[in-house]
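In terms of my numbering, the sequence shown opens at residue 28 and continues consecutively.
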Amino acid sequence: MRKMLSGMLAAVFALSAISLAACSAENDDLSKNPDPTIPGNPDPQESGKESDVTIGTSIEIPTEKEREIVQAWLDKYSRGDQNASEFSLDVRGVFGDTYAFYLCGPFAASDVITDILVDNILFEFPSSYTLDVYHGGTFYTLGTAFENGLLTRSDLLALQKNYNNGWNWSTSQIIKEDYVREYGGVNTEDLSLRVFYRWSMERSVLFVDGGADYPAVMTEQEVDGVTFCYGSTQQLLYYGYHGESDSMFCDLETAFASGCLDHEDLLAIQYNYENGIQIIVP
């Protein structure tokens, strides 16, 4: 009896291994991310700058440096009728001689959600008023500062964690609240998100963790010829309107059938999932 049980277990494990190998082999030709709007997650080399990093809210910097930054901004962007005394800086990060800040002054920001994705790290702002970066007389966006080696990935993660202090709204929170509303049995505080494609209240593909226990068993899902191999019964969810007025979540098959995802989307999702490329959300 013991020999028979051992043989059955061995057969199960062998089948699981064969299934996993088949899934891996099937997608070996995906040598690059098919969606150029979603970059990979490289580990960029540190820029070599001194470890002089300060993260916070309204960081105090030398008065001369603040004047330098404000004047440089006026020289580049001013309409000619603006005075330096009308402006101040809300500095959120100091990285050696690189500064990440909000410029505060007499100008209006449009009341629209602004998402900025840098190396798959998401910055989500409640308006068009976003962080700027200053270094050596030149202004950069978060993205161009990263591309030029002025900010590292660790710097970006630290900024993301800090930048929206005092702001309680986020897309993450809304998605968690929608999950609790649809499925119940859990609090938003117990949930976490792993996002593998897009990121907005209109369209995201993700795992919602913490809402249920999923048996650890190999499962497969095929949508329009694109195969997804999972290590448990938990499968990727599509979040967004998909034709059902009382639901924001559905599986990938439903999202594809309703036209919310196309074949290229599925390939991009597959690539990101198999390579562990996630969008880091606040």
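Just so it is clear, CB atoms sit at the ideal spot from N, CA and C, and this is done for glycine as well.
- request: With DSSP as the reference, label I296 as helix, strand or coil.
  value: helix
field: E77 versus T125 - alpha carbon distance
entry: Because the pLDDT of E77 is 45, which lies under 50, any placement of that residue in the model is unreliable, and the number read from its coordinates should be weighed accordingly. Rounded to the nearest angstrom, the two C-alpha atoms are 11 Å apart.
field: Cα-Cα separation, T90 to L263
entry: 51 Å
field: Exposed unless 16 or more other CB atoms sit within 10 angstroms - verdict on S274
entry: exposed
field: Residue of V207, D240, R208, K203 minimising C-alpha distance to V222
entry: K203
Segments assigned beta strand (DSSP E), at least 3 residues, entirely inside the stretch 182-232: 219-224
- prompt: For Q248, which residues does DSSP report across the bridge?
  reply: F255
- prompt: Leaving out five residues before and five after S197 in sequence, what residues of the same chain have Cβ atoms less than 7 Å from its Cβ?
  reply: E151, P309
query: Closest to I306 by CA distance: which of R119, N147, K92 is it?
result: N147
query: Is A127 helix, strand or coil when you go by DSSP?
result: strand
query: What does L149 pair with, by DSSP beta-bridge criteria?
result: L144
- prompt: Cβ atoms of G270 and R230: under 8 Å apart, would you say?
  reply: no
message: Buried or exposed for S199, going by 16 or more other Cβ atoms inside 10 Å?
response: buried
- prompt: How many Å lie between G258 and Q297 at the Cα?
  reply: 14 Å
- request: Measure the C-alpha to C-alpha separation of A295 and G120 and round it to an integer number of angstroms.
  value: 33 Å
- prompt: Could you give the distance in angstroms between the alpha-carbon of T84 and the alpha-carbon of Q187?
  reply: 12 Å
message: Among the candidates D79, L101, S137, Y206, whose CA atom is the shortest distance from the CA of G237?
response: Y206
field: Neighbourhood of W226 by C-beta, 6 Å cutoff - its chain only, sequence neighbours within 5 removed
entry: L149, I306
message: Let me make sure I understand the geometry here. Which of I140, D142, S115 has the alpha-carbon closest to that of Y129?
response: S115
task: Output the distance between the C-alpha atoms of V118 and Y161, rounded to the nearest integer angstrom.
output: 11 Å
message: In the DSSP assignment, the beta strand (DSSP E) including Q121 goes from what residue to what residue?
response: Here residue 121 is Val; the residue named in the question, Gln, does not match the sequence. From DSSP, the beta strand (DSSP E) with V121 extends over 115-122.
message: Assuming the contact rule is C-beta atoms closer than 8 Å, S112 and S137 should be a hit. Round their C-beta distance to whole Å, please.
response: With 8 Å as the limit, S112 and S137 do not qualify as a contact, their Cβ atoms being about 25 Å apart.
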